[in-house]
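Before any comments, here is the structure.
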Amino acid sequence: MEKVESKCVRQKISGLKNIIKKNNLIMSEEKKLNAISAPLVTDIYTADPSAHVFNGKIYIYPSHDIDAGDAFDDLGSHFAMEDYHILSMDTPADSSAVDNGVALHVKDVKWAERQMWAPDAAEKDGKYYLYFPAKDHDGIFRIGVAVSDSPTGPFIPQPEAIKNSFSIDPAVLKDEDGNYYMYFGGIWGGQLQRWRTGTFKAEQPESPFAFLPEKNEPALCAKVAKLTNDLLEFAEAPKDVVILDENGKPLLQGDTDRRFFEASWMHKYKGKYYFSYSTGDTHFLCYATGDNPYGPFTYGGRILEPVIGWTSHHSIVEFKGKWYLFYHDSSLSNDITHLRCVKVTELEYDENGKIKTIVPYK
Ligand code: FUB
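Residues in the sequence shown are numbered from 51 upward in steps of one, following our numbering.
Structure representation (structure tokens):
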């Protein structure tokens, strides 16, 4: 027993050291004190905040981080989340959010086994839909949906995952014409690279780097699919969300400061579609703009410089004429990766519709 424990601790420490070395992340008190915003809840760890305004109030659909004791690795095995709590706020100016308790637990989802990662929600005709990724009983990430009469749940899961769904980080846009679109996907532990040929590559050993394109090949894209009228299934086969550079060429896999990694979000500003995402191992939140929900999108710039912690994940929402970025960092726990806290700050555009880059610590 002693041996097993010390091996686990050794693994954790060496994983942590690798992450720090690779990414040169600095966890300093100084940085924390100069943060531009404070955690919205402090009694639980929360991350990946998807914010929406329903009935004039803000609801945040985050991941609920826990320390399940798993070793750190590049597949994100230590993100062992089991349930979702929905947060609510009357206005983004509130200094804290209300935690509305457990809205859905993995033990109540027949098809899912573990790792309830970043969720999102949508509303239609007074019903609320919680979209969430989780690993099924074969260790494959799928996306599920659960339904409630209330924005805070409890949510009743569908018995099966969404047909033909895969990978992680669903984000749903309700477009002005009444259509709903889901954006999703994530590389490395999010398994997107394993689906390049259309079927899941199950070959072992499982590595976050196997099946990725070469550096000089087009980057892997997030996916988009229109949803059926009942919001429970894909109405079409998912398509690539292509991001072009300033010369109209798709971003390359080696362009790690700009290419898609995970954490899709879509919002509209002055009639344009803004697709935003995380660059993962380079820790930026970036965006690209287009004229329709499918794109292609042209790279627009950075939204958020790196936060304390490895991951960066966000949502962008308008409330009473102002725009807000909901995001997370690890300042509450000082943990490098998986014990995070959600935050909010105002987001601004310049006169040409460019998002002004936010620096999270002054
Ligand atoms: O929270 C687990 C994973 O970390 C999310 O799905 C990713 O976007 C990253 O934030």
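Positions of the beta carbon are idealized from the N, C-alpha and C atoms, including for glycine.
If you measure from the CB of T96, is any heavy atom of ligand 1 nearer than 7 Å? In this structure, T96 has its beta carbon at no less than 7 Å from each heavy atom of ligand 1.
In the DSSP output, what is T348 paired with across the bridge? L294, T339
Taking the alpha carbon of L389 as the reference point, which residue from S217, F182, K404, Y95 has its own alpha carbon closest? Y95
For V367, report the span of its beta strand (DSSP E) as first-last. 364-369
Segment contact, 8 Å Cβ cut-off, at least three pairs: the stretch 219-231 with the stretch 242-256: no
Quick check on this structure: which residue in L375, P346, G304, A285 has the alpha carbon closest to the alpha carbon of L397? L375
Rounded to a whole number of angstroms, what is the C-alpha to C-alpha distance between G176 and D199? Computed Cα separation, rounded: 7 Å.
Pull up the DSSP beta-bridge partners for C271, would you. None; C271 has no bridge partner.
For a test of your reading of the model: does the CB of G194 fall under 7 Å from any non-hydrogen atom of ligand 1? Yes or no. Closer than 7 Å to some heavy atom of ligand 1: that does not describe the Cβ of G194.
Please tell me whether F311 and Y323 are closer than 8 Å, where the distance is taken between their beta carbons. no
Taking 6 Å as the limit between beta carbons, can you name the residues of its chain near N279, skipping five residues before and five after? none
Identify the continuous beta strand (DSSP E) that holds A184 and give its terminal residues. 177-186
Measuring CA to CA, which of V159, D219, G248, W238 is closest to P209? Ranking V159, D219, G248, W238 by Cα distance to P209 puts V159 first.
contact_flag[the stretch 339-352, the stretch 95-112] where n(CB pairs < 8 Å) is 3 or more: no
Could you spell out the range, first to last residue, of the beta strand (DSSP E) harbouring D98? 95-104
Own chain, CB closer than 6 Å to K71, minus 5 neighbours either side, in chain order: Since pLDDT at K71 reaches only 42, below the 50 mark, its modelled position is unreliable, and the value read off the structure follows with that caveat. None.
Indicate, with yes or no, if ligand 1 has a heavy atom lying under 7 Å from the CB of D219. yes
CB G126 to CB A162, shorter than 8 Å? no
Let me check one thing: in DSSP terms, what residues is T249 bridge-paired to? DSSP output for T249 lists no bridge partner at all.
Roughly how many angstroms separate the alpha carbons of E264 and D149, rounded to a whole number? If you take the alpha carbons of E264 and D149, they lie about 43 Å apart.
Cross-strand partners of I136 (DSSP beta bridge): Bridge partners of I136: none, in fact.
Roughly how many angstroms lie between the CA atoms of I408 and Y319, to the nearest whole one? One C-alpha to the other measures close to 18 Å.
Could I get the ranges of all uninterrupted beta strand (DSSP E) runs contained in the stretch 208-268, with 3 residues as the minimum, in chain order? With a minimum length of 3 residues, the continuous beta strand (DSSP E) runs that stay inside the stretch 208-268 are 221-224, 230-234.
For a quick check, are the C-beta atoms of H135 and A153 less than 8 Å apart? yes
By DSSP, does D379 sit in helix, in strand, or in coil? strand
DSSP three-state label for G194, please. The answer is strand: DSSP assigns G194 an E or B state.
For L277: DSSP bridge partner residues: Per DSSP, F284.
In this structure, does DSSP put V357 in helix, strand or coil? coil
Backbone secondary structure at G330 - three-state DSSP: helix
Which word fits H187, buried or exposed, when buried means at least 16 other C-beta atoms lie within 10 angstroms of its C-beta? exposed
Inter-residue CB distance, T306 and D331 (contact presumed, cutoff 8 Å): 6 Å
As assigned by DSSP and simplified to three states, the class of N158: For clarity, residue 158 is Asp in the given sequence; the question names Asn instead. Residue state, collapsed to three classes: helix.
Would Y230 and A172 qualify as a contact pair, given that the criterion is a beta-carbon distance under 8 Å? yes
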